[in-house]
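Heads up: the structure comes next, in C-alpha cells.
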Amino acid sequence: MGYLLPGLGWLLGGPFAAGRIGFLLAAWLWVGALHTLNANRQRPAVSATVASVFLFSHVLYWGFLSFLAGWVAFIAWFLLHDRMPAGRLTWRRAILFFAAGALLYLTHVLWFLFGVGWLVVDGLRRRLGVRELLRRALCLVPIGALAAVWFPSIVHRGFTSATHWPPTFAARFSPASIADAALGGIRGPLEPALLLGVLLWIGIGIWQQRRAGRAVWDGRLLLLATLYFAAWAILPSKANNTLYFAERWLPCALATLVIAAPAPRGGSGLRFVPALGLTLFMAGTTLLWHAAERTSLTGIDEVLASLRERPRVLGLSFVQNRIFKGDPYLQTFAWAQVARGGELNFSFADFAVALVVYREPRRFDWTLGLEWNPEWARPADTRLFDAVIVSGDEWVHAWAQQALGLEPVTTGGIWRLYRPAPGRRQPWAQPSNR
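Structural data, given as C-alpha cells:
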C-alpha cells in the first residue's frame, strides 16, 4: 500500500516529482492519523502538536514509506478494535475486521504482526474473554495463512540476511543511540535539543499532576507506548534484510507516550510554545534540506541529459554527507533508470518484497555491495556496463579515471558520467527478464 503514494505523486507531478509528492502525502497522513488518535482519546490538542515532531525520524529519512503508511493503518486498526463491542460477531463486523487486518498486512507485515499482538494484549487488559478474542483472531486466519505461504517464498528468492544485535548495552541505550533512534535524521545539535525539549515537556506534565494519579493518564495509550518501547528494546537491529528492525519503533513509542502523558498546565499562551518550537524545527530542517540539494547534487542534471536510452548503469557514490546521518545519496544514480530506462547494478527489483521484481533472479557478474562500498569497484566491473555514474570530490574523479580506466562524458559538478574505454565493455552473462 505504501507504493500507492509515490504512484499518485507520479500521476500528479510526473516521475521527478513523485518522491516529493508521495512523501508529502505520507507526512499528511501520518500527522492526520496522530491527531485523529489524539482527538478520539480526548487528549489535549497540544499533545498532538508535540508528538508530531517524531515524523522527522530516520524512518522518514531512510524512505521507509510502507512503514510510515503502516502507522496510519494501525491507528485505524486501534480505533476499530476499541469501538467494536464484545459479543456476537456479525458478518458485517467480521468483514470489517478482516479488511482492517488486510490493510495492515498490505502496508507492512511488521505492522500486521504488531496489530495481532495488540489485539491479544489489549483484549486481555479489557477482559474481552477468550471466546471474543478467538472470534476476532479467526477473522485474521486467511491473512495469516497468506503470510505463512508468502514468507518462505521470499526467503527462497534470497530475501534473507544474518540477524544483527547491538554489540553492547550502550550501543542501544546510550543517550546518543536513543537520540539517533528517536529522530536520527540530521547531524548537529538541533535534534538532541528537540528531543530534550520533548522529554522536559513530558516530565513537567507528570510532575505538575503527580498527585492526580492515573486519572490524568490514558491507560490504553500508555500500554501501547510500552509495547512500542519493548519492541525497540528487545528486537535485533537487522533481520531478514530489514534495517533498523528495532529502532523504527522508538519514534512511535515516544509519539504515543506524549499523547498518553498529562500535558503541562500553564497559561493560555503555553499551547503556542510547542507550535513555535515545531515551526522553528521545521524551518531549520527545510533550510538544511535546501542546502543539501543545492550543494550535493551538482552535475546530476547534466549526467541524466547525457545518458543514451536504456543504458546499463553502474553507480558509485562517494559523496561525503555532512548534513544527514544516513546516506540520502545511496541510490541517486537510480534516476538514470527513471529518466532513460535500462538497468542498474543495484535495484530493488532484485528483492522479492518489491512491487516489481525480476521473473528470474539476476546473475551478478560484478562485485556485490558497490552501492554501500563503492571503493570495492574494479576495472572488470565497469566493463559490464555502458555507463558509470560517479559522485565525489576531485580526488575520487581522478581515481575513477586512473584506477578504473573510465573516460569522462561530463566534467563538472559532484556527479559525473563516465564510460568504459572503447573496446573494454563486455556483455552481461545473461539477459534480464522482468
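In terms of the numbering used here, the sequence shown opens at residue 489 and continues consecutively. Glycine included, every Cβ here is placed at the ideal spot set by N, Cα and C.
Does DSSP put residue i in a helix, in a strand, or in coil?
i: Phe733; result: coil
i: Ser794; result: helix
i: Pro799; result: coil
i: Tyr549; result: helix
i: Pro867; result: helix
i: Val876; result: strand
i: Phe812; result: strand
i: Leu832; result: strand
i: Gly499; result: This sequence places Leu at residue 499; Gly is not what is there. Three-state result, Leu499: helix.
i: Trp903; result: strand
i: Leu843; result: coil
i: Leu577; result: coil
i: Leu804; result: strand
i: His596; result: coil
i: Ser554; result: helix
Can you grab the Cα-Cα spacing for the pair residue i / residue j, in whole Å?
i: Asn861; j: Gly803; result: 11 Å
i: Val791; j: Leu894; result: 15 Å
i: Ile811; j: Thr774; result: 12 Å
i: Ala868; j: Trp854; result: 8 Å
i: Gly497; j: Val897; result: 32 Å
i: Asp818; j: Ser535; result: For the record, residue 818 in the displayed sequence is Leu; it is not Asp. Roughly 35 Å between the two C-alpha positions.
i: Gly830; j: Glu797; result: 7 Å
i: Trp606; j: Leu712; result: 8 Å
i: Gly787; j: Ile631; result: 47 Å
i: Arg623; j: Leu577; result: 7 Å
For residue i, count the other beta carbons within 10 Å of its own beta carbon; 16 or more makes it buried, fewer makes it exposed. Which is it?
i: Ile935; result: Residue 935 cannot be examined here, being either before or after the span of the chain that is shown, 489 to 922.
i: Pro799; result: buried
i: Gln530; result: exposed
i: His596; result: buried
i: Ser662; result: exposed
i: Pro910; result: exposed
i: Asp570; result: exposed
i: Glu848; result: exposed
i: Pro752; result: buried
i: Leu591; result: buried
i: Gln825; result: buried
Could you pull the DSSP bridge partners for residue i from this structure?
i: Ala727; result: Thr730
i: Leu894; result: Pro908
i: His652; result: Lys726
i: Ile563; result: DSSP output for Ile563 lists no bridge partner at all.
i: Ile674; result: Phe812
>> Whether or not the segment 541-549 and the segment 735-742 are in contact is what I'm after, with contact meaning three or more pairs of Cβ atoms, one per stretch, closer than 8 Å; do they touch?
In response: yes
>> Closer than 8 Å is the cut-off here; do at least three beta carbon pairs connect the segment 869-879 with the segment 748-764?
In response: no
>> Whether or not the segment 711-726 and the segment 518-538 are in contact is what I'm after, with contact meaning three or more pairs of Cβ atoms, one per stretch, closer than 8 Å; do they touch?
In response: no
> Taking contact to mean at least 3 C-beta pairs separated by less than 8 Å, is the segment 680-696 in contact with the segment 548-561?
Replying inline: no
> With a cut-off of 8 Å, do at least 3 Cβ pairs link the segment 701-720 to the segment 742-755?
Replying inline: yes
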